[in-house]
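Quick note on the UniProt record's numbering: the sequence shown kicks off at 1 and runs consecutively. Taking it in order: structure first as structure tokens, then the write-up.
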Amino acid sequence: CMPMKNLYFFKSVVCRKNKVGMSVQGCGLLLLMFCQFNQVSRTATRPIASGEITSFQALVFVGGQLSLALGVLLCLNYYSIALGAASLSLLVTYPLMKRITYWPVCLTFNWGALLGWSAVKGSCDWSVCLPLYVSGVMWTLIYDTIYAHQDKDDDLKVGVKSTALRFQENTKLWPSGFTGVMLSGLVLAGANADQTLPYYCAVCAVAIHLAHQIYAVDINRPEYCWKKFASNRNLGLLLFLGIVTGNLWKKRNDHQYETQLNSISN
């Protein structure tokens, strides 16, 4: 039988693969459904928009990704399989929503916050998973808004909606509010998960990163928007390291406590 710590590691890798797969599938469907709109100046050289890759080839690729994701999902427990299947409706409707609503379907790409926990623990602890999920949704709203400002003029012409068009010159105000909700969710999730000092230090670093990101971005200069959007990979890394080191810190404290109890009992 696989040792428990190795099983947890295996499941975490599996969930990460499924999360990346979901993002790739969503992007692939988006490019397929809006390939005629991707022929704008910034994206005209992309494979589908330029005709380098046909729609059929892209569809085969998405089908392959879905097959791989299904194979990964079937490695998990029944609760996680049901949870993963529930995300399919979000995945399919995500590209269509850009014609209907200004708000991105940010519920889709943060599903891993729920799936990762259930894969390891067997089910979701909603006191931890829900605030973590909400934080992810808020984060998506922040970076997706910054990203959307690159194409706002073209989006306006073709009728594609985005938060950049919804917020316009109030863009910095809205993400500031999203940041407050995101940080509150991270603190609540950390408290309910009994996280330790390194985690909260990482949350503080995330707050500083977001504050600078929102303050410094020039929404009327696409190259600045891209730079700030891309910097979110560093933000994600900060939070990931905070979670890992926080858990290691907690494990060390628990070990010290057990050692003290054993010494007293002896």
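Just so it is clear, CB atoms sit at the ideal spot from N, CA and C, and this is done for glycine as well. Note that the structure is a prediction, hence the values are computed from the model and not measured.
CA nearest to the CA of residue i, picked from the options
| i | options | result |
| --- | --- | --- |
| residue 228 | 265, 241, 93, 144 | 144 |
| residue 191 | 125, 259, 62 | 125 |
| residue 251 | 195, 91, 230 | 195 |
| residue 86 | 235, 104, 110, 103 | 110 |
| residue 146 | 133, 166, 132 | 166 |
| residue 82 | 172, 123, 164 | 123 |
| residue 215 | 238, 175, 201, 155 | 175 |
Pairwise C-alpha distance: residue j and residue i
| i | j | result |
| --- | --- | --- |
| residue 269 | residue 254 | Nothing in the structure corresponds to residue 269, since the chain is present only between 1 and 266. |
| residue 75 | residue 149 | 40 Å |
| residue 193 | residue 58 | 41 Å |
| residue 263 | residue 249 | 21 Å |
| residue 265 | residue 257 | 12 Å |
| residue 242 | residue 54 | 42 Å |
| residue 108 | residue 220 | 28 Å |
| residue 260 | residue 129 | 33 Å |
| residue 159 | residue 197 | 47 Å |
| residue 62 | residue 56 | 10 Å |
| residue 246 | residue 199 | 5 Å |
| residue 28 | residue 121 | In this predicted model, residue 28 has a pLDDT of only 49, less than 50, meaning its place in the structure is not dependable enough to derive any value. |
| residue 206 | residue 169 | 24 Å |
| residue 234 | residue 171 | 22 Å |
| residue 141 | residue 68 | 28 Å |
| residue 132 | residue 222 | 30 Å |
| residue 113 | residue 77 | 16 Å |
| residue 153 | residue 236 | 29 Å |
| residue 231 | residue 156 | 26 Å |
| residue 217 | residue 238 | 20 Å |
| residue 60 | residue 201 | 44 Å |
| residue 179 | residue 94 | 23 Å |
| residue 127 | residue 52 | 47 Å |
Whole-Å CB distance - residue i paired with residue j, under 8 Å assumed
| i | j | result |
| --- | --- | --- |
| residue 203 | residue 186 | 5 Å |
| residue 118 | residue 89 | Not really, about 18 Å apart at Cβ, beyond 8 Å. |
| residue 71 | residue 115 | So it is not a contact: roughly 15 Å between Cβ atoms. |
| residue 161 | residue 224 | Not quite, the Cβ-Cβ distance comes to about 22 Å (not below 8 Å), so this is no contact. |
With 16 other Cβ atoms within 10 Å as the buried cut-off, status of residue i
| i | result |
| --- | --- |
| residue 65 | buried |
| residue 240 | exposed |
| residue 244 | exposed |
| residue 177 | exposed |
| residue 21 | Confidence at residue 21 is low in this model, with a pLDDT of 45, below 50, so its placement is unreliable and the value that follows should be read with caution. Its Cβ being crowded by 16 or more others within 10 Å, residue 21 is buried. |
| residue 105 | buried |
| residue 92 | exposed |
| residue 164 | buried |
| residue 151 | buried |
| residue 73 | buried |
Task: Cβ contact check for the region 93 to 100 and the region 127 to 142: 3 or more pairs under 8 Å - done: no
Open item on the list: So, does the region 203 to 218 touch the region 176 to 184, judging by three or more C-beta pairs under 8 Å?
Closed with: yes
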